[in-house]
Amino acid sequence: MKIAIMGAMQEEIEPLLAKIGEYEKVRYAKNDYYLAKYKNFELVIAYSKIGKVFATLTATTMIEKFGAKKLLFSGVAGAINPELKIGDLIAATQLCQHDLDITAFGHPYGYVPEGAVCIKSDTNLRKIAKTVADEKSIALKEGTIATGDQFVADVARKEWIEKTFDADALEMEGASVAVVCDSLDVPFFILRAISDSADMDAGFNFDTFLESSAKQSADFIISMLDHM
Ligand code: 3QA
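First residue of the sequence shown: 2, per this note's numbering; consecutive thereafter.
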């Protein structure tokens with residue numbers, strides 16, 4: 002079975018490629034896709050570039066062009082829930098788009114007709130994650146992740162997202178992956194390690210912790226493959 006492993010930034014997939022070692026690079030739609038074998042799996046690995054549009058393109062390509070049957074996302078996020086500290090892992094139970102707004106027509110934030118405010122991730126993949134976390138004695142948090150085309154470095158914006166969506170963390174790609182995978186019936190899992198707290202220090206903390214947090218997430222994803 003072919004499994005997609007996706008990140009948004011190069012730093013988010015680099016630890017995966019380093020661990021897997023041997024791969025073939027295929028250029029498609031102005032992006033690089035890395036094809037590899039790991040244990041009994043065929044893998045397609047890529048980073049999309051930042052934001053919802055690129056993430057949608059990459060997730061769709063991994064499924065429709067490369068034939069991925071499951072998709073795992075690995076990366077970093079800004080914390081909303083104060084229990085989440087830098088380096089902590091959160092697995093999305095569901096994802097929403099915090100910047101989607103047709104409230105002028107009486108709809109809730111994050112909703113468009115025939116869509117849903119939140120999309121749930123695959124429960125089986127989340128179970129595998131729990132097994133891995135237990136085995137490694139890692140405190141894996143589960144919660145709602147809010148996605149939008151915005152690097153949030155502002156407490157007021159963060160608090161608005163928290164109260165509107167009851168979200169625990171925020172980032173810029175997860176809900177796109179959720180929409181694509183839900184539409185195409187591909188089970189998906191979104192894992193993020195905290196790089197910052199979406200506050201006024203977010204830019205500095207992000208730069209400081211991107212690499213170490215991205216590695217936390219990537220290492221966990223590799224362990225999940227070992228259990229699939
Ligand atoms: C931010 C990355 C994007 O892919 C979303 C990181 C971590 N903290 C966040 C926050 N708000 C929103 N998202 C996040 N990822 C890209 S901007 C920096 C680009 O530097 C998750 C995330 N607070 C490029 C060098 O110029």
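For every residue, glycine included, the Cβ atom is placed at its ideal position computed from N, Cα and C.
Open item on the list: Taking the alpha-carbon of PHE221 as reference, which of PRO16, GLN11 and GLY107 has the nearest alpha-carbon?
Closed with: By alpha-carbon distance to PHE221, the top candidate from PRO16, GLN11 and GLY107 is PRO16.
TODO: Report yes or no: do three or more beta-carbon pairs, one from the region 194-211 and one from the region 104-113, lie closer than 8 angstroms?
DONE: Not touching, per the Cβ criterion.
Open item on the list: Quick check on this structure: which residue in ILE4, ARG158 and ARG28 has the alpha carbon closest to the alpha carbon of ASN41?
Closed with: The candidate whose alpha carbon is nearest that of ASN41 is ILE4.
Task: Three-state class that DSSP yields for SER75 in the structure shown - done: Three-state result, SER75: strand.
Open item on the list: Between ILE87 and the ligand 3QA, is there a pair consisting of the residue's CB and a ligand heavy atom that are separated by less than 7 angstroms?
Closed with: Short note on ILE87: C-beta not closer than 7 angstroms to any heavy atom of the ligand 3QA.
- [ ] Going by DSSP, name the residue or residues bridged to ALA93.
- [x] According to DSSP, ALA93 bridges with GLY144.
Task: Same chain, Cβ closer than 6 angstroms to ASP89, neighbours up to 5 away in sequence not counted - done: Same-chain partners within the cutoff: ILE195.
Task: Near the ligand 3QA: GLY79 beta-carbon under 7 angstroms from a heavy atom - done: Residue side-chain check: GLY79 places its Cβ nearer than 7 angstroms to a non-hydrogen atom of the ligand 3QA.
- [ ] Mind checking which residues open and close the beta strand (DSSP E) that includes ASN125?
- [x] Element bounds for ASN125: not the beta strand (DSSP E) but the alpha helix (DSSP H), 124-136.
- [ ] May I have the straight-line CA-CA distance separating LEU300 from VAL187, to the nearest angstrom?
- [x] Since the first and last residues shown for the chain are 2 and 229, residue 300 lies out of range.
TODO: In angstroms with no decimal places, state the Cα-to-Cα distance between ASN125 and GLN151.
DONE: Approximately 30 angstroms between the Cα atoms of the pair.
Task: Where ALA179 sits in the DSSP three-state scheme - done: Look at ALA179 here: in three-state DSSP terms it is helix.
TODO: With ILE46 as the anchor, note down where its beta strand (DSSP E) starts and where it stops.
DONE: The continuous beta strand (DSSP E) containing ILE46 extends over residues 42-48.
Task: Between the CA atoms of TYR110 and THR165 - distance to the nearest angstrom - done: Using only the alpha carbons, I get a separation of about 8 angstroms.
Open item on the list: Cutting at 6 angstroms between CB atoms, please list the residues of its own chain near GLU174, excluding the five before and the five after it.
Closed with: The answer, listed in chain order, is ALA9 and ALA56.
Task: Rounded C-alpha distance that separates ASP167 from ALA47 - done: The straight-line gap separating the alpha-carbon atoms of ASP167 and ALA47 is approximately 30 angstroms.
Task: Under 8 angstroms between C-beta atoms of LEU141 and ALA134 - done: Contact: yes.
Open item on the list: Measuring straight from C-alpha to C-alpha, what distance separates LYS86 and ASP100?
Closed with: Their Cα atoms are separated by approximately 24 angstroms.
- [ ] Let me know the secondary structure DSSP gives GLU25 once reduced to three states.
- [x] The answer is strand: DSSP assigns GLU25 an E or B state.
- [ ] Whole angstroms is fine: what's the gap from ARG127's alpha carbon to GLU13's?
- [x] Taking the straight line from one Cα to the other gives about 20 angstroms.
Open item on the list: Excluding the 5 residues flanking LEU171 on each side, which residues of the same chain have their C-beta closer than 8 angstroms to its C-beta?
Closed with: The answer, listed in chain order, is ALA78, GLY79, ILE81, HIS99, ILE146, ALA147, THR148, GLY149, VAL153, LYS159, ILE162 and ALA199.
Open item on the list: Following a CB-centred definition, is PHE152 positioned closer than 7 angstroms to any heavy atom of the ligand 3QA?
Closed with: Correct: PHE152 has its Cβ closer than 7 angstroms to the ligand 3QA.
Task: Sequence-distant residues of its chain with Cβ nearer than 7 angstroms to ASP123 (five each side left out) - done: Taken in chain order, the residues that qualify are PRO188, PHE189 and PHE190.
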